[in-house]
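Chemist:
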Amino acid sequence: MKLTRILLAAAVAAATLPAVAQVSVNINVPGLIQVAPPAPRYEPAPRPRSGQVWVPGHWQWNDRAYAWRPGYYVAARPDYAYAPGGWVRADGGWRWREGDWRRAERREERREDRHHRRHDHDRYDHDDDHRGGGHCPPGQAKKGRC
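Throughout, my numbering is defined as the position within the sequence shown, counted from one, plus 16.
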């Protein structure tokens, strides 16, 4: 009788184990940090140096915690502008996007772009006669003007 009760209690306990069991899996994706970076520190940019570009400081992950990496100068590249790196949300975590060099616009190119924005030929039909275009002002179609 005692043996039956013990076996019955063991069977009930064994049957409830899967309901209580919990699995925790932590998959570390290289380069993906689960902890959000702290707010950037204020770091006054030093005086400009000829032929140098200031790279602002940033929080760097060292496999356990964030550590501040102070800003520094790098050699300037002709016809390029430096775009600083930054932390971006990605795949449920945070990933560091390195700063890079981007081709700088020349003044002539920018002036040309401004001209095209002011005179956007794709936006409106500039003909006075709208019959060939798709635009007809309200009320004009009934009068036979479109």
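All C-beta atoms in this analysis are idealised placements derived from N, C-alpha and C, irrespective of residue type, glycine included. Note that the coordinates shown come from a computational prediction; the quantities given were computed from them, not determined experimentally.
Hey, Arg85 and His74: beta-carbon distance below 7 Å or not?
Modeler: In the sequence shown, the residue the question calls residue 85 occupies position 69. In the sequence shown, the residue the question calls residue 74 occupies position 58. Yes.
Chemist: So, helix, strand or coil for Arg21, using DSSP?
Modeler: Position 5 of the sequence shown, counted from the start, is the residue given in the question as residue 21. In this structure, Arg21 counts as helix in the three-state DSSP scheme.
Chemist: Could you please give the first and the last residue of the uninterrupted beta strand (DSSP E) stretch that includes Gln68?
Modeler: Walking along the sequence shown from the start, residue 68 turns up at place 52. Gln68 -> beta strand (DSSP E) spans Gln68 to Val71.
Chemist: Excluding sequence positions up to five away, which residues of its chain have a Cβ less than 6 Å from the Cβ of Ala83?
Modeler: Along the sequence shown, read from residue 1 onward, the residue named residue 83 stands at position 67. Taken in chain order, the residues that qualify are Gln76.
Chemist: Could you give the residue range of the beta strand (DSSP E) that holds Asp107?
Modeler: Here residue 107 is taken as the residue at index 91 of the sequence shown, counted from 1. That residue, Asp107, is in no beta strand (DSSP E); it is neither H nor E in DSSP.
Chemist: Rank Pro72, Cys152, Arg65 and Ala52 by C-alpha distance to the C-alpha of Tyr58 and give the top, closest one.
Modeler: In the sequence shown, residue 58 corresponds to position 42, counting from 1. Residue Pro72 is the option with its Cα nearest to Tyr58.
Chemist: Which stretch, first to last residue, makes up the beta strand (DSSP E) that contains Asp116?
Modeler: Residue numbering aside, residue 116 sits at position 100 when the sequence shown is read from its first letter. Asp116 to Arg119 is the extent of the beta strand (DSSP E) around Asp116.
Chemist: Could you give the DSSP three-state label for Ala52: helix, strand or coil?
Modeler: Walking along the sequence shown from the start, residue 52 turns up at place 36. In the three-state reduction of the DSSP assignment, Ala52 falls in the coil class, being assigned neither a helical nor a strand state.
Chemist: Report the CB separation of Ala110 from Ala52 in whole angstroms; it is logged as a contact under 8 Å.
Modeler: What you label residue 110 is simply residue 94 of the sequence shown in a count that begins at 1. What you label residue 52 is simply residue 36 of the sequence shown in a count that begins at 1. Before going on, a small fix: residue 110 reads as Trp here, not Ala. Confirmed, Cβ separation roughly 6 Å.
Chemist: Output yes or no for whether 7 Å exceeds the beta carbon distance between Ala120 and Asp95.
Modeler: Counting from one through the sequence shown, the residue named residue 120 turns up at place 104. Counting from one through the sequence shown, the residue named residue 95 turns up at place 79. Against a cut-off of 7 Å, the Cβ pair of Asp95 and Ala120 comes out as a contact.
Chemist: Give me the Cβ distance between Arg118 and Ala92, rounded to the nearest whole Å; I'm assuming they're in contact under 8 Å.
Modeler: As a working note, residue 118 is residue 102 in the sequence shown. As a working note, residue 92 is residue 76 in the sequence shown. Going by Cβ atoms, the distance from Arg118 to Ala92 rounds to 13 Å, so no, they are not a contact pair.
Chemist: Measuring CB to CB, does Glu114 end up less than 7 Å from Gly102?
Modeler: In the sequence shown, counting from the first residue as 1, residue 114 sits at position 98. In the sequence shown, counting from the first residue as 1, residue 102 sits at position 86. No; because the gap between Cβ atoms is not below 7 Å, this pair is not in contact.
Chemist: From the DSSP secondary-structure annotation, give me the bridge partner or partners of Arg113.
Modeler: As a working mapping, residue 113 is identified with position 97 in the sequence shown. Partner(s): Gly102.
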